[in-house]
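Position 69 of the sequence shown, counted from 1, bears residue number 66 in this note's numbering, the numbering being contiguous throughout.
Just so it is clear, CB atoms sit at the ideal spot from N, CA and C, and this is done for glycine as well.
Just so you know, these numbers come straight off a predicted model, no measurement behind them.
Have a look at the structure below, then the notes.
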Amino acid sequence: MDTNNAFALPVDRSRSSLSAAELAERIELYESVLDSIQNGAIITDAAGYVLYLNKPYGEFLGVNPAEQIGRHATEVVENSRMHIVGQTGKPEIHVAQKIHGREMVVQRVPIRKDGKVVAVYGQVLFKDVEDLSRLAKKVGLLESKATYYEQELLSIRSTRYNLESIAGDSSSIRLLKQIVQKSSGTDLPVLITGESGTGKELFAQAVHHASNRKMYPFIRLNCSAIPKNLIESELFGYEKGAFTGADTVGKPGKFELAHRGSIFLDEIGELPIDVQPKLLRVLEEKEFERIGGKKYLHSNFRLIAATNQELPEMIARGAFRMDLYYRLNVIHIRIPALRERREDILPLARHMLRQLCEEASLPLVSFHPHVEKALVDYDWPGNARELHNVLARVLSFLDGDVIRLEDLLFHLTKKERSREPGYQIPLRDAVLDTEKETILKALAATNNNKVLAADMLGIHRTLLYKKMEKYGIQVRKKSGKKEHAAKSASDRAEYSLSDASSVRTLDEYLMDEL
-2 MDTNNAFALP VDRSRSSLSA AELAERIELY ESVLDSIQNG AIITDAAGYV LYLNKPYGEF
58 LGVNPAEQIG RHATEVVENS RMHIVGQTGK PEIHVAQKIH GREMVVQRVP IRKDGKVVAV
118 YGQVLFKDVE DLSRLAKKVG LLESKATYYE QELLSIRSTR YNLESIAGDS SSIRLLKQIV
178 QKSSGTDLPV LITGESGTGK ELFAQAVHHA SNRKMYPFIR LNCSAIPKNL IESELFGYEK
238 GAFTGADTVG KPGKFELAHR GSIFLDEIGE LPIDVQPKLL RVLEEKEFER IGGKKYLHSN
298 FRLIAATNQE LPEMIARGAF RMDLYYRLNV IHIRIPALRE RREDILPLAR HMLRQLCEEA
358 SLPLVSFHPH VEKALVDYDW PGNARELHNV LARVLSFLDG DVIRLEDLLF HLTKKERSRE
418 PGYQIPLRDA VLDTEKETIL KALAATNNNK VLAADMLGIH RTLLYKKMEK YGIQVRKKSG
478 KKEHAAKSAS DRAEYSLSDA SSVRTLDEYL MDEL
């Protein structure tokens, strides 16, 4: 064996076009490459005799690499299997090998020429198995983080709601659902209007989910939540160094992120007047430039906009562009306030209550009939958002599985508000009115006998006295004789137990009223 040439492999010189000098230069290059590897590397012939040992391996083994050429690998490296790989021709990847008392991770790969094993390449991958274990943990942690961030990004860019999420069976809600369904096959812009808290984003997500874009991003931007000097960069993005404080690598805008999906611009009425022409152009051309950019970018998106303002009035005072309004107002979804569709209040309240119970892992809770009447009577100026907040507060402190009037009253504001013409009735007032009316009915049914009225209402008479004082209720019995009055009241109470059509208890009264 030629021990002076580290790469003494069989060479078919008739097929080589390299001169001796070029070949020597090429071998020197290969040796330099292998010596630059931080971990140990070794090359043997098929029988296991060393052809090359790099410097890092020699330093680790405490030997001179040049002096190992020609020796058998088992004499140089403890527990070597280079000769076995040369015989079997089967590579051994990521296997453990004990060298100098340390468990290392190595690989051994056969090198073939014309289908025959002519050499074996071996390399130390990890000098300690613990290094591999630590690396595996880091990789596992990175994979977990990547999965988490992918899921977070998907949740941010996806929708939670669809048509089935919209509770209510009023004619107006049914019509709106039909509009959403019929618009699902188009890419026309959608304008959603309605008071605050009516559920405009819920409908926006339903529009996206019903379309053929539902598998792609749903990008949100609240125009009122972004400073006016940043709204343009949020919409269109920017290149690196476009302005002071800009990201060093640039940033894509919302329209860029919404490619193939939908972009939802909430509070579109808050969009600065100087940005509106640029939005109009994007809607017409589906092209835009990043701030500081020099080329146009294309985005295939569907625009959904929402506002609680009257855009025609804004146009009249010069705060909103008429051409942009007509470009947006192709498919119009106007969500009526809750007071305009009272038949939806209870279905919506039950739907919300069920969701709140599920989110808090609580048993299902129901409404007492008294509460149901109060909920329907109230005007809900904050609409569905106010209803949700009231129910969430009540549920947080509820004892039992039924929400009663006292639970509702406890969580309502005590600030009294005047009832001017057209003023929306506060929920607290609606609840108090229901309670006062029910007490008056009970007293009338018992000929103003407070003991029997309290019994009929299912409360202690002391509590009844306090409530009567609270509401300023003063009564006197209609009969001149106590005996006759007591007997008459007793007869009525007795009658209420046998006649289901008579209104005698708080439950029965409110059930009949509803």
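Check, Outcome
"Along the chain, where does the beta strand (DSSP E) containing S259 start, and where does it finish?", "259 to 263"
"If we ignore side chains and look at the alpha-carbon of each, how far apart do Y420 and G191 end up?", "For Y420, the predicted model reports a pLDDT of 46, less than 50, meaning its position is unreliable and no value from the coordinates is stated."
"I need the boundaries of the beta strand (DSSP E) containing I330, first residue and last residue.", "328 to 331"
"Relative to the alpha-carbon of G37, which residue among I163, V102, T144 has its alpha-carbon at the smallest distance?", "V102"
"Expressed to the nearest angstrom, what Euclidean distance is found between the alpha-carbon atoms of Y322 and G266?", "10 Å"
"Which residues bound the beta strand (DSSP E) around P107?", "99 to 110"
"Using DSSP with H/G/I as helix, E/B as strand and the rest coil, what is Y420?", "Its pLDDT being 46, under 50, Y420 is placed unreliably in this model, and the coordinates cannot settle the point."
"Could you pull out every residue in the same chain whose Cβ sits closer than 6 Å to the Cβ of L268, ignoring the five residues on either side in sequence?", "C220"
"I think T431 touches H367, with their Cβ atoms under 8 Å apart; what is that distance to the nearest whole Å?", "6 Å"
"Assuming L262 contacts L227 (C-beta within less than 8 Å), just tell me the rounded distance between them.", "Rounded, the Cβ-Cβ distance is 15 Å, inconsistent with contact."
"Hey, could you find the ends of the beta strand (DSSP E) T71 is sitting in?", "Per DSSP, T71 belongs to no beta strand (DSSP E); it is in the alpha helix (DSSP H), 70 to 73."
"Report all residues from its chain with a CB closer than 7 Å to the CB of N51; omit the five preceding and five following residues, and keep chain order.", "L31, D32, I34, G37, A38, P62"
"Spatial neighbours of A17 within its chain, please: CB distance less than 7 Å, with the 5 preceding and 5 following residues excluded, ordered by chain position.", "none"
"How should H295 be labelled, buried or exposed, when 16 other C-beta atoms within 10 angstroms of its C-beta is the threshold for buried?", "exposed"
"Ordered along the chain, which non-local residues of its own chain (more than five positions away) have a Cβ less than 6 Å from that of L382?", "With the sequence shown as reference, residue 382 is identified as Arg, and Leu is not the correct amino acid for it. Excluding positions up to five away in sequence, the list reads G194."
"Beta-carbon within less than 6 Å of S230's beta-carbon, same chain only, minus the 5 sequence neighbours each way: which residues are those?", "I288"
"Using the Cα positions of M283 and F298, report the straight-line distance between them to the nearest angstrom.", "Contrary to the premise, residue 283 reads as Lys rather than Met in this sequence. Each residue's alpha carbon lies about 8 Å from the other."
"Alpha carbon to alpha carbon, what distance is there between V472 and A451?", "14 Å"
"Using CA coordinates, which residue listed in L280, K142, P53 is at the minimum distance from V327?", "L280"
"State the start and end residues of the unbroken beta strand (DSSP E) segment that holds R217.", "215 to 219"
"Between K291, E75, T304, which lies nearest to V187 when the distance is taken from Cα to Cα?", "T304"
"Have a look at the DSSP bridge pairing and note the partners of K113.", "K110"
"Can you grab the Cα-Cα spacing for the pair P344 / G238, in whole Å?", "53 Å"
"Can you give me the C-alpha to C-alpha distance between G247 and E253, rounded to a whole angstrom?", "13 Å"
"Among the residues of its own chain, which have a CB less than 8 Å from the CB of Y46, if the five just before and after it don't count?", "M(-2), G67, R68, H69, A70"
"Could you give the distance in angstroms between the alpha-carbon of I170 and the alpha-carbon of S259?", "23 Å"
"Which same chain residues end up closer than 8 Å to L402 when comparing Cβ atoms and leaving out the 5 residues on each side of it in sequence?", "H365, H367, V368, A371, V428, T431, E432"
"On the three-state DSSP scale, how would you describe F123?", "strand"
"By alpha-carbon positions, which one of K197, G196, H206, S168 ends up nearest to D184?", "H206"
"When the Cα atoms are used, what is the spatial distance from K135 to D42?", "37 Å"
"On the three-state DSSP scale, how would you describe V362?", "coil"
"Among A44, R318, E264, which residue has its Cα nearest to the Cα of I301?", "E264"
"Quick check: what's the CA-CA separation for D374 versus R338?", "12 Å"
"What number of angstroms, rounded off, separates the C-alpha of A441 from the C-alpha of R157?", "51 Å"
"Answer yes or no: do I223 and A255 have a C-beta to C-beta separation smaller than 8 Å?", "no"
"Round the Cβ separation of S162 and A201 to the nearest angstrom and send it over; I've been treating them as touching at under 8 Å.", "At roughly 12 Å, the Cβ-Cβ gap does not stay under 8 Å, so S162 and A201 are not in contact."
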